[in-house]
Amino acid sequence: MARAAAAARALPAPARTRARPRPKAARKPASRRRVAGGVVWIGVVGVLLAGVVALNVAVLRLNVRLDELGHERTQLRADNAQLSTEIAARAASGRIVAIASDRLGLAPATPESWTYLDVRR
58 MARAAAAARA
68 LPAPARTRAR
78 PRPKAARKPA
88 SRRRVAGGVV
98 WIGVVGVLLA
108 GVVALNVAVL
118 RLNVRLDELG
128 HERTQLRADN
138 AQLSTEIAAR
148 AASGRIVAIA
158 SDRLGLAPAT
168 PESWTYLDVR
178 R
């Protein structure tokens, strides 16, 4: 091993060669592509944001319409309850008897005015 180390020291160092200067590349239009790509992405993001805003506006309009329909439904249910009450009041038997006796001159039948028929004969 000593010989290998001595032989390595005895060898002259390799001469350094000068690195070749790289040829300067002409400027590529890559910067223009980057700018154009950036503008395209800005446009795409802008269109997507406009779509999100339009979607939110549509949802808001639907919610407003849904709220209006809810109020209308509540009002209709209240009107139906009131009409049911009026129907029940007008269909009361006491009122019908009063109208029949006043307007038509009818009277309720008494038990003495009933006649039974015997159909077994």
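Take 58 as the starting number for the sequence shown in the working numbering and just add one per residue.
All C-beta atoms, glycine included, are put in the ideal place defined by N, C-alpha and C.
Here the alpha carbon of Ser170 sits roughly 51 Å from the alpha carbon of Gln132. Following the DSSP letters along the chain, one finds Val154 inside the alpha helix (DSSP H) bounded by residues Ser150 to Arg160. Our two residues, Ile144 and Ala138, have alpha carbons roughly 10 Å apart in a direct line.
Secondary structure at Thr167: coil, using DSSP grouped into helix, strand and coil. Rounded to whole angstroms, the gap between the alpha carbons of Asn113 and Arg79 is 57 Å.
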